[in-house]
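The block underneath contains the structure these notes are about, expressed in structure tokens.
Numbering (UniProt numbering), first residue to last: 1 to 206.
Here is the structure:
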């Protein structure tokens, strides 16, 4: 046989080679092959456990995320309430400041009115004192005294004429200013004064 020429195996040769293997050898080969392939049931169980663990972790993360979102919403609501309260407080302060400004202006106005009234009262008092002094002086010089004005009789002018000395020596008068002229009333009073002081003038002329 020429060894340099390669021999192509034939199906028959394969069958012969397999036939030559012992049964025990084939069993060993199968065992080795099975040992190299992982147990499918154990593998599936481990995969199921891994998937279950992953699902639990995912659920836990989802729950934690949901809790975080709920807390975030609560914080947002709390911040919104605080912001609303701050805005309301600002409005209250603004209104209070406006009211305070209005009160201050009112106080200034009332103070000014009080000062003006005080000044007017002081001036009026001075005028009244001055007028009273004039009336007193006029009464002392002439002996004519006018009664206080009667609001129920606005046209009535009453008084009396008295000589210096006892007040028993006096003559009263009553006029209606709507009916009598000022010249008539003045003439009458001067005539009364002349009559009452005639004796005094006579004594002075002696």
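Note that the Cβ used here is the ideal one computed from N, Cα and C, for glycine as well.
Since the model is a prediction, treat every value here as computed from it, not as a measurement.
Considering only residues of the same chain and omitting the five flanking positions on each side of residue 56, which have a CB-CB separation below 7 angstroms?
None.
By a C-beta neighbour count over all protein chains shown, 10 Å radius and 16 as the cutoff for buried, is residue 161 buried or exposed?
buried
Nearest residue (CA-CA) to residue 197, options 187, 169, 176 and 186
169
So what does residue 160 bridge to, in DSSP terms?
DSSP lists 145 and 172 as partners of residue 160.
If you draw a straight line from the alpha carbon of residue 49 to that of residue 83, how long is it in whole angstroms?
50 angstroms
Throw me the rounded Cβ distance for the residue 184 and residue 143 pair, which I believe falls under 8 angstroms.
With 8 angstroms as the limit, residue 184 and residue 143 do not qualify as a contact, their Cβ atoms being about 20 angstroms apart.
Report the rounded CA-to-CA distance for residue 95 versus residue 72, giving the unit in angstroms.
34 angstroms
Contact defined as beta carbons within less than 8 angstroms: I believe residue 155 pairs with residue 174. What is the distance between those atoms, to the nearest angstrom?
In fact, because the Cβ distance is near 11 angstroms, the residues do not count as touching under 8 angstroms.
Three-state secondary structure (DSSP) at residue 180?
Three-state DSSP puts residue 180 in coil, outside helix and strand.
Please decide whether residue 170 counts as near chain D, where near means a Cβ-Cβ distance under 8 angstroms.
Chain labels in this structure do not include chain D; a single protein chain is all it has.
Please report the straight-line C-alpha distance between residue 191 and residue 157, rounded to a whole angstrom.
CA-CA distance, residue 191 to residue 157, rounds to 17 angstroms.
Helix, strand or coil for residue 150? Go by DSSP, reduced to three states.
coil
Return the CA-CA distance between residue 181 and residue 188, expressed in angstroms with no decimal places.
Looking at the two C-alpha atoms, the distance is approximately 11 angstroms.
Within a Cβ cutoff of 6 angstroms, which residues of the same chain sit near residue 171, ignoring the five residues on either side of it in sequence?
161 and 192
With DSSP run on the structure shown, which of helix, strand or coil describes residue 155?
coil
By how many angstroms is the C-alpha of residue 68 removed from the C-alpha of residue 74?
10 angstroms
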